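Chemist:
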Amino acid sequence: MKLHISPVTTEVLHELATYFVATGQQAIAAHSRFTVALSGGSSPKKLYELLASEAFKSQLDWTKVYFFFGDERNVPHTDPQSNYLMAKTALFEPLQIGSSQTFPVDTSLPPVQAAVAYTKDINQHFGNDTARFDLVLLGLGDNSHTASLFPHTPVLHDESVGAKEVYVEELQADRITLTAPLINQAQAIAFLVFGKDKAEAVKHILEDPRNIEEYPAQLIAPASGELHWFLDAAAASKLEQK
Ligand code: 6PG
9 MKLHISPVTT
19 EVLHELATYF
29 VATGQQAIAA
39 HSRFTVALSG
49 GSSPKKLYEL
59 LASEAFKSQL
69 DWTKVYFFFG
79 DERNVPHTDP
89 QSNYLMAKTA
99 LFEPLQIGSS
109 QTFPVDTSLP
119 PVQAAVAYTK
129 DINQHFGNDT
139 ARFDLVLLGL
149 GDNSHTASLF
159 PHTPVLHDES
169 VGAKEVYVEE
179 LQADRITLTA
189 PLINQAQAIA
199 FLVFGKDKAE
209 AVKHILEDPR
219 NIEEYPAQLI
229 APASGELHWF
239 LDAAAASKLE
249 QK
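In this note's numbering, the protein residues as written are 9 to 250.
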């Protein structure tokens, strides 16, 4: 596990964007494509805008990049809450990414069916190979959730390798999420966390005793891949080991 701590958010974003394109170049060189699972929420929007900017857009062959989602809210793709809409606006449209390269969750289906369909989409993409994302981007909630692996939800104990539906009591909402076993098959996993309101959660995940019911992001431990945390000083401020 590698910690990347930068003084301010802009530097965190630049370092992660640099890592993203380097990981993409390696994947494309190794197996002619780069399959990434994007994080949702608000933190990664600026990362996606940076990747689509003059500073980075020419550093990767975007025609060989395939985009999945680590989780999705159970809303239409036109809803402001949609992770797909956020990525489409910040990344896919500016880079003119074709629909054949993007794999949104089909939220027109009920959550259980949407999760089954998404698992099929993932397995179809990887064919006979292990479903191994070249990179999974993750955020961290201030309650220590990641993707839609929320505290005290059954999906935390789901050993299936795929996508699952989860009803999140605290949000009174359904979500679809990749399971921890699927995330942990990834070649590389990168958390992007900034701001002091995440400092407590970061400490819980990285330094507190294992308690996955309370701190679900502790589940993220790649079987053989790399794990990176891209943090600003504020989010890392409660860590004892830096
Ligand atoms: C989502 C995300 C979720 C997110 C955290 C942090 O759909 O909301 O996938 O896991 O990464 O909730 O969200 P912020 O970046 O908005 O703080």
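Glycine included, each C-beta is placed from N, C-alpha and C at the ideal position.
This structure is a prediction, so every number in the text was calculated from the model and none was measured.
By Cβ distance below 7 Å, which residues in the same chain neighbour L68 in space, the five residues on each side in sequence not counted?
Modeler: One-based indexing of the sequence shown puts residue 68 at position 60. Excluding residues within five positions, the ones whose Cβ falls inside 7 Å are V29, G32 and Q33.
Chemist: What distance in whole Å lies between the Cβ atoms of Y74 and H85, which are believed to be in contact at a cut-off of 8 Å?
Modeler: One-based indexing of the sequence shown puts residue 85 at position 77. One-based indexing of the sequence shown puts residue 74 at position 66. No, H85 and Y74 are not in contact; Cβ-Cβ is about 18 Å, not under 8 Å.
Chemist: Following the continuous beta strand (DSSP E) through T26, name the residue where it begins and the one where it ends.
Modeler: As a working note, residue 26 is residue 18 in the sequence shown. Taken as a continuous stretch (DSSP letters only), T26 belongs to no beta strand (DSSP E), being part of the alpha helix (DSSP H) at T17 to H39.
Chemist: Would you grab the beta carbon distance between A155 and L117 for me? Rounded to a whole angstrom, and I think it's under 8 Å.
Modeler: Along the sequence shown, one-based indexing puts residue 155 at 147. Along the sequence shown, one-based indexing puts residue 117 at 109. Not really, about 19 Å apart at Cβ, beyond 8 Å.
Chemist: What number of angstroms, rounded off, separates the C-alpha of L200 from the C-alpha of A225?
Modeler: Translated into the one-based positions of the sequence shown, residue 200 becomes position 192. Translated into the one-based positions of the sequence shown, residue 225 becomes position 217. Within the model, the alpha-carbon separation for L200 versus A225 is close to 12 Å.
Chemist: Do L103 and A60 have their CB atoms nearer than 7 Å?
Modeler: As a first step, residue 103 must be located in the sequence shown, where it is residue number 95. As a first step, residue 60 must be located in the sequence shown, where it is residue number 52. The answer is yes: Cβ separation under 7 Å.
Chemist: Tell me the DSSP secondary structure of S14 in three-state form.
Modeler: Working through the sequence shown from its first residue, we reach residue 14 at position 6. Three-state result, S14: strand.
Chemist: What are the start and end residues of the beta strand (DSSP E) that includes V176?
Modeler: Residue 176 sits at position 168 when you count from the first residue of the sequence shown. Unbroken beta strand (DSSP E) run through V176: A171 to V176.
Chemist: Cα-Cα, which of A207, K172, T26 and L214 is closest to V120?
Modeler: In the sequence shown, the residue the question calls residue 120 occupies position 112. Minimum Cα distance to V120 is reached at K172.
Chemist: Looking only at its chain, what residues have a beta carbon closer than 8 Å to the beta carbon of A244, apart from the 5 residues adjacent to it on each side?
Modeler: Against the sequence shown, residue 244 aligns to sequence position 236. So the qualifying residues of the chain are L11, I13, A207, V210 and K250.
Chemist: Less than 8 Å between C-beta atoms, sequence neighbours within five positions excluded: which residues of the same chain meet that for K246?
Modeler: Mapped onto the sequence shown, residue 246 falls at position 238. Excluding sequence positions up to five before and after K246, its CB lies within less than 8 Å of the CB of A207, E208, V210 and K211, all in the same chain and listed in chain order.
Chemist: Classify V120 as helix, strand or coil using the three-state DSSP reduction.
Modeler: Taking the sequence shown and counting its residues from 1, the one referred to as residue 120 is at position 112. Secondary structure of V120 (DSSP, three-state): helix.
Chemist: Would S182 and Y175 be called neighbours here (beta carbons separated by less than 7 Å)?
Modeler: Indexing the sequence shown from 1 puts residue 182 at position 174. Indexing the sequence shown from 1 puts residue 175 at position 167. According to the sequence as given, residue 182 is Asp; it is not Ser. Yes, the pair counts as a contact, with Cβ atoms nearer than the cut-off.
Chemist: So N192 packs on I220, CB below 8 Å; how close in whole Å?
Modeler: Sequence index remark: in the sequence shown, residue 192 carries index 184 (1-based). Sequence index remark: in the sequence shown, residue 220 carries index 212 (1-based). Contact doesn't hold; Cβ gap of about 13 Å is too wide.
Chemist: With the cut-off set at 7 Å, would you say Q89 and D142 are in Cβ contact?
Modeler: Start at 1 with the first residue of the sequence shown, and residue 89 comes out as number 81. Start at 1 with the first residue of the sequence shown, and residue 142 comes out as number 134. No, they are not a contact pair.
Chemist: Measure the Cβ-Cβ separation of A252 and P15 and say whether it is below 7 Å.
Modeler: No answer is possible for residue 252: it lies beyond the span of the chain, which begins at 9 and ends at 250.
Chemist: Considering only residues of the same chain and omitting the five flanking positions on each side of G49, which have a CB-CB separation below 7 Å?
Modeler: As a working note, residue 49 is residue 41 in the sequence shown. If we look at G49 and ignore the five residues flanking it on each side, its Cβ neighbours are G147.
Chemist: Name the two residues that bound the continuous alpha helix (DSSP H) containing V210.
Modeler: Locating residue 210 in the sequence shown gives position 202, counting from the first residue. Where V210 is concerned, the enclosing alpha helix (DSSP H) starts and stops at A207 to E215.
Chemist: Secondary structure at V73, three-state DSSP: helix, strand or coil?
Modeler: Residue 73 sits at position 65 when you count from the first residue of the sequence shown. Reduced to three states, the DSSP call for V73 is strand.
Chemist: Can you name the start and end residues of the alpha helix (DSSP H) that L190 belongs to?
Modeler: The residue you call residue 190 lines up with position 182 of the sequence shown. For L190, the enclosing alpha helix (DSSP H) has its first and last residue at A188 to I191.
Chemist: Tell me the DSSP secondary structure of T127 in three-state form.
Modeler: Counting from 1 along the sequence shown, the entry for residue 127 is found at position 119. Looking at T127 - three-state DSSP - the assignment turns out to be helix.
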